[in-house]
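Only one structure is covered here, and it is reproduced in the block below.
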Amino acid sequence: MRRAEFVREVDRWSKPDGPFDAALLTAYDDAESFPGAACAVLDRWGLPAYYVPAQYGGRLARFDEMHALLRKVASEDVTVAVAHGKTFLGAASVWVSGDDGAAAQLARHVMAGEAVAWGLTEPDRGSDLLAGELTATRDASGWCLSGRKWPVNNATRGRFVCVLARTDPGGGARGFSVFLVDKQAASSGSVRHLPKMPTHGIRGADISGVEFRDTHVPADALIGTVGGGLELVLKALQLTRMACAALSLGAGDHALRLARRFLSERRLHGRPFSDLPHARGVAGRAVARLLLAEAVSYAAARAAHEVPEELSVVSAITKALVPTLIQGQLRLVGELLGARGFLTGVEGYGGFAKIERDHQVVSIFDGSTWVNRSALASSLPILRPGRRPATAAGRPVHEWLRQDADLTPVDPLRLGVMARGNTVLNSLDDSVARLAADPRGGADHLATRLLDAFGEVGGDIARLRPVAGPVPTATMRLAERYEWCFAGAAALALWGANPKHHDRHVWREALWLRGCLALVLEGLGAPAPEATGVFDELGRLLLSDEGTHVSLFGTSSEVSA
Amino acid sequence: MTQPVSGPITLDELQSWLVERVGEYVPDLDEKVDPNQELGEYGLDSVAVVAFAADVEDWLGIRVEPSAVWDHPTVTQLAKFLLTEREQQAA
Ligand SMILES: Cc1cc2nc3c(=O)[nH]c(=O)nc-3n(C[C@H](O)[C@H](O)[C@H](O)COP(=O)(O)OP(=O)(O)OC[C@H]3O[C@@H](n4cnc5c(N)ncnc54)[C@H](O)[C@@H]3O)c2cc1C
Numbered sequence: 001m002r003r004a005e006f007v008r009e010v011d012r013w014s015k016p017d018g019p020f021d022a023a024l025l026t027a028y029d030d031a032e033s034f035p036g037a038a039c040a041v042l043d044r045w046g047l048p049a050y051y052v053p054a055q056y057g058g059r060l061a062r063f064d065e066m067h068a069l070l071r072k073v074a075s076e077d078v079t080v081a082v083a084h085g086k087t088f089l090g091a092a093s094v095w096v097s098g099d100d101g102a103a104a105q106l107a108r109h110v111m112a113g114e115a116v117a118w119g120l121t122e123p124d125r126g127s128d129l130l131a132g133e134l135t136a137t138r139d140a141s142g143w144c145l146s147g148r149k150w151p152v153n154n155a156t157r158g159r160f161v162c163v164l165a166r167t168d169p170g171g172g173a174r175g176f177s178v179f180l181v182d183k184q185a186a187s188s189g190s191v192r193h194l195p196k197m198p199t200h201g202i203r204g205a206d207i208s209g210v211e212f213r214d215t216h217v218p219a220d221a222l223i224g225t226v227g228g229g230l231e232l233v234l235k236a237l238q239l240t241r242m243a244c245a246a247l248s249l250g251a252g253d254h255a256l257r258l259a260r261r262f263l264s265e266r267r268l269h270g271r272p273f274s275d276l277p278h279a280r281g282v283a284g285r286a287v288a289r290l291l292l293a294e295a296v297s298y299a300a301a302r303a304a305h306e307v308p309e310e311l312s313v314v315s316a317i318t319k320a321l322v323p324t325l326i327q328g329q330l331r332l333v334g335e336l337l338g339a340r341g342f343l344t345g346v347e348g349y350g351g352f353a354k355i356e357r358d359h360q361v362v363s364i365f366d367g368s369t370w371v372n373r374s375a376l377a378s379s380l381p382i383l384r385p386g387r388r389p390a391t392a393a394g395r396p397v398h399e400w401l402r403q404d405a406d407l408t409p410v411d412p413l414r415l416g417v418m419a420r421g422n423t424v425l426n427s428l429d430d431s432v433a434r435l436a437a438d439p440r441g442g443a444d445h446l447a448t449r450l451l452d453a454f455g456e457v458g459g460d461i462a463r464l465r466p467v468a469g470p471v472p473t474a475t476m477r478l479a480e481r482y483e484w485c486f487a488g489a490a491a492l493a494l495w496g497a498n499p500k501h502h503d504r505h506v507w508r509e510a511l512w513l514r515g516c517l518a519l520v521l522e523g524l525g526a527p528a529p530e531a532t533g534v535f536d537e538l539g540r541l542l543l544s545d546e547g548t549h550v551s552l553f554g555t556s557s558e559v560s561a
Numbered sequence: 001m002t003q004p005v006s007g008p009i010t011l012d013e014l015q016s017w018l019v020e021r022v023g024e025y026v027p028d029l030d031e032k033v034d035p036n037q038e039l040g041e042y043g044l045d046s047v048a049v050v051a052f053a054a055d056v057e058d059w060l061g062i063r064v065e066p067s068a069v070w071d072h073p074t075v076t077q078l079a080k081f082l083l084t085e086r087e088q089q090a091a
């Protein structure tokens, strides 16, 4: 209900002179100033409540719902989604810590519209969480922080900043702890802001930094245990990395809107541009990329409820693959738009370059594609087929991926740093068998190819000799193949779980599934010759009446949540 | 892959198995693995350690979190911890 209402509201705000008016947001971007009016209406509508778990009084009961809201915001403007959604990232460590007192207190602030920043990165330390030099030392009544976090989204605007600090001078896996700092409560002059950085994309966002100069914080600023920081951050990242996928999906939605419009109105050599088979094929690929990204994100969001023990792997796959899929989709749409994708002042299309610029950051922050892929690579030996069954069998995938399924409430205490299984991927056999029993449009042939390819990936994993130190290139490529297999398995599981949809538009003749599987097989280096026509079909779909909202489960406003 | 052990195991056996495993993870190492050296110094740091923890799981037939290696960062410390853990998880 609220979701449909939100979609209508955002559409209304996007009209001329509304806070989401594209012209206005472009002007903010040009001026590198913060899109404050757009964030303010989101606050008034109550979006921050969706960043707060229901058990602490918020409305976050289902990740798929929260992601859908964030996706909608991003589909209008990625900068606004990054600037506003960041509070979920900043607060996640507190939710995951299981510290009810701290969580209840922060919940009140978040719902009152206070922004929370997340400070992991430090100048010149890159992605290495254990390289941080910001230290926290005990003082008479709490802790004393000194050091810098930079670059950090909302570091200046956010009243709160959640930081990973070194609590053991020797560092190491037990040498760091998490602190939630209320900058307003700090003694004056002890917190200094580092200036906003000019950026290639999300130009209006507050990408700045914060410096603590012997800043005193009370004892209860410590979140979790002393030395528990790395573990806590690794768990919180599992939730935030999946939220990042929503930003990508929104950018992909926006790009498809432009592609559809261009295909329908552009004429070339006296004929509609869309008569060009190549143009339709490219558009169809862009559609398939978005739908595959959606399938992965959808399965991942639900996995957070049902198999949180596996989220270290599921979230790494999602964060590595989804932004990459969308980056590729944007490139395709850019090619399609030609000059209009490049000229920034063209009515209706001027925004494309901004989407592309804004989206680039998604595959950089919160762990880059490579950082996530290498984390997955380190876990591959554990995921080898035939390793003893990991966890007790829970609900079957085909049950919890059903669109109208009730989900198990999220339990952060079930998160871990080592996934012992991959329920979604392991459902591949079963999904393929289901499809074979009721084949549509030839999707079953593609599914069989995927099963073969996964067999090879499994064989390569079984032969993998884990080594200490940096991940070898061949293992990174193996991890990437594993990601593609996961994506294919997610798509097939969604298909098998939702027979009620099989006769609805993009599901007819298994159209979306065939497009997704064709992409997956290409990604695995085993393209299916029989699938070449599917992108043309998807391109036609984009041009049809059903192309206004390309999504697996219909337009968000149709969904009665 | 590693065959799981059944039945009792001594601290010494456990320790030499761990030393051997660490050696396999660091094929380029010239000297013998020092049981009192932190595993992180052999490159078995926070992330790389997950596969190692899984190996230990497979061999001992008990659940071992990677954080066990963080908390008991040398072979000597880890062996002691695992021995107690195995007795407790078997009980
Ligand atoms: C706009 C913006 C906003 C940001 N917001 C925040 C924020 O709010 N909070 C915060 O803490 N940080 C934030 N960051 C920092 C961001 O998370 C860092 O950029 C990130 O930690 C990586 O650092 P680096 O780019 O210096 O890369 P480096 O770590 O120096 O990496 C260099 C290259 O190596 C690759 N690489 C790194 N590690 C590995 C690995 N283990 N295996 C394989 N490849 C690897 C990277 O992908 C990259 O290509 C932000 C950055 C930007 C640009």
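Here the protein sequences line up with chains A and B, keeping their order. Numbered by full-length UniProt numbering, the letters in the first sequence go through residues 1 to 561 in order. Numbered by full-length UniProt numbering, the letters in the second sequence go through residues 1 to 91 in order. Don't be surprised by glycine CBs; every beta carbon is placed ideally from N, CA and C.
Checking the 7 Å criterion, the Cβ of Thr121/A is within range of a heavy atom belonging to ligand 1. For Asp182/A and Asp139/A, the gap between their C-alpha atoms comes out near 17 Å. Met197/A and Val82/A have their C-alpha atoms spaced approximately 15 Å apart.
What Leu44/B touches in chain A, judged by beta-carbon distance under 7 Å, is Ala468, going in chain order.
The beta carbon of Leu237/A sits no closer than 8 Å to any beta carbon of chain B. By the neighbour-count definition (other C-beta atoms within 10 Å, threshold 16), Pro19/A is a buried residue. In this structure, Thr137/A lies away from Val226/A, with their beta-carbon atoms at least 8 Å apart. Spatial neighbours of Thr74/B in its own chain (CB-CB distance under 8 Å, excluding positions within 5 residues in sequence) are listed in chain order as Pro35, Asn36, Gln37, Glu38, Leu39. In this structure, the CA atom of Ala491/A is about 5 Å from the CA atom of Ala295/A.
When C-beta atoms of the stretch 211-222 of chain A are compared with those of the stretch 72-80 of chain A, fewer than three pairs fall below 8 Å, so the two segments do not count as touching. About 19 Å separates the CB atoms of Leu134/A and Asp366/A; that is not less than 8 Å, and the two are not in contact. Our two residues, Met66/A and Thr423/A, have alpha carbons roughly 23 Å apart in a direct line.
Arg414/A is a Cβ neighbour of Glu309/A, given a cutoff of 8 Å. For Lys149/A, the uninterrupted beta strand (DSSP E) segment begins and ends at 142-153.
Between Gly40/B and chain A, the shortest Cβ-Cβ separation is below 8 Å. Residue pairing by DSSP places Val73/A in no beta bridge whatsoever. Under DSSP, Thr74/B shares a beta bridge with Glu38/B. For Val26/B, the neighbours in chain A by C-beta distance under 9 Å run, in chain order, Val467, Ala468, Gly469. When DSSP states are grouped into helix, strand and coil, Leu14/B belongs to the helix group. According to the DSSP secondary-structure assignment, Asp182/A is paired through a beta bridge with Phe160/A. Contacts with chain A at 8 Å (Cβ-Cβ) include Trp70/B. Legend: CB atoms of the UniProt domain "Acyl-CoA oxidase/dehydrogenase middle" (118-214) of chain A lying less than 7 Å from CB atoms of chain B belong to residues Leu130, Gly172, Ala173, Arg174. For Glu65/B, the C-beta contacts it makes with chain A under 8 Å involve Gly416, Val417, Met418, in order along the chain. The beta carbon of Ala90/B does not come within 8 Å of any beta carbon belonging to chain A, so the residue lies off that interface. Within the same chain, Val64 come within 6 Å of Glu57/B by CB-CB distance, once the 5 residues on both sides are set aside.
Residues of chain B with a Cβ closer than 9 Å to the Cβ of Pro277/A do not exist; the shortest Cβ-Cβ separation is about 46 Å. Non-local C-beta neighbours of Pro527/A in its own chain, meaning closer than 8 Å and more than five positions away in sequence, comprise Ala518, Leu521, ordered along the chain. Taking a cut-off of 8 Å for Cβ pairs, the stretch 312-321 of chain A and the stretch 259-271 of chain A do not touch, as fewer than three such pairs fall below it. Each residue's CA atom was taken as its position, placing Gly459/A and Leu383/A some 12 Å apart.
At least one heavy atom of ligand 1 lies less than 7 Å from the C-beta of Ala117/A. For ligand 1, a non-hydrogen atom lies closer than 7 Å to the CB of Asn153/A.
With a 10 Å radius around the Cβ and a threshold of 16 neighbouring Cβ atoms, Gln88/B comes out exposed. Listed as beta-bridge partners of His193/A by DSSP are Val210/A. When Cβ-Cβ separations below 8 Å define contact, Val56/B makes no contact with chain A.
According to the DSSP secondary-structure assignment, Phe535/A is paired through a beta bridge with no residue.
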